[in-house]
Amino acid sequence: MKNKKPDWRRYENTIKTFSVAFAGGILGHLTHMPGGIILGSMAAVGIFNMISPSSVALPKSFSFYLQVFAGILLGANLNITELALFRDILGPSLFIALTLVCTGLCAAFGINKLFGWDLVTAWLSCSPGRMQDMVIFAHDLKADGTKVVIVHTTRIILVVILTPFILLILK
């Protein structure tokens, strides 16, 4: 019986992609910029994809695993203390969520009409959800993930920059 060794060449592009993404994520993390990890990874992989003779390709199953990991990250923050607060914050939470969804939908339709973006990309870009989750959805739904990342990054940066000024006004 012949001893079969795994053919690592089959995984070469995936391993390269992960290595480049990890390096870009570390650089992005070191900038301390909001969304730095995902932006660093995206930029590094994008640049690598443009200059490398082999294109970046990941197995389709990776999207499933990314969504599971996102669920773990969100679920790991839940505890019994937070669950007890749920009753007190349900009303305000629903009001905020519905307001954000409604304004997001209005903005998405506006982006679609004014700039010609497809509605899925526009919604994911205007959605009040976490950037990481919206990018995973964009990948699954064949939307433009680059636009989604750039819009969410711009939103995060503007909120971080404007918040101190808004707090001065509100005090």
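The sequence shown maps to residues 283 to 453 in this note's numbering.
Positions of the beta carbon are idealized from the N, C-alpha and C atoms, including for glycine.
Going along the chain, which residues of its own chain have a beta-carbon closer than 7 angstroms to the beta-carbon of residue 423, five neighbours each way excluded? 402
May I ask you to report which of helix, strand or coil DSSP gives residue 412? coil
Considering just the uninterrupted stretch of the alpha helix (DSSP H) at residue 446, what are its terminal residues? 427-452
Mind checking residue 366: buried by the 16 CB within 10 Å criterion, or exposed? exposed
Please look up how many angstroms separate the CB atoms of residue 438 and residue 316, rounded, as I've assumed it's under 8 angstroms. 4 angstroms
Please name the residue in 413, 420, 451 and 333 whose C-alpha comes closest to that of residue 436. 413
In terms of alpha-carbon separation, which member of 421, 329, 358 and 304 lies closest to residue 345? 421
Using beta-carbon positions only, say whether residue 375 and residue 390 come within less than 9 angstroms of one another. no
When DSSP labels each residue in this structure, what does residue 299 get in the three-state scheme? helix
Tell me which residue opens and which closes the alpha helix (DSSP H) that residue 375 is part of. 362-397
Check each candidate in 411, 418, 426 and 384 and name the one with the smallest Cα separation from residue 404. 426
Once the 5 residues before and after residue 340 are set aside, which same chain residues still bring their CB inside 8 angstroms of it? 296 and 299
Inter-residue Cα distance where the pair is residue 314 and residue 304: 16 angstroms
Let's see if you can read the secondary structure: which residues bound the alpha helix (DSSP H) around residue 321? 318-333
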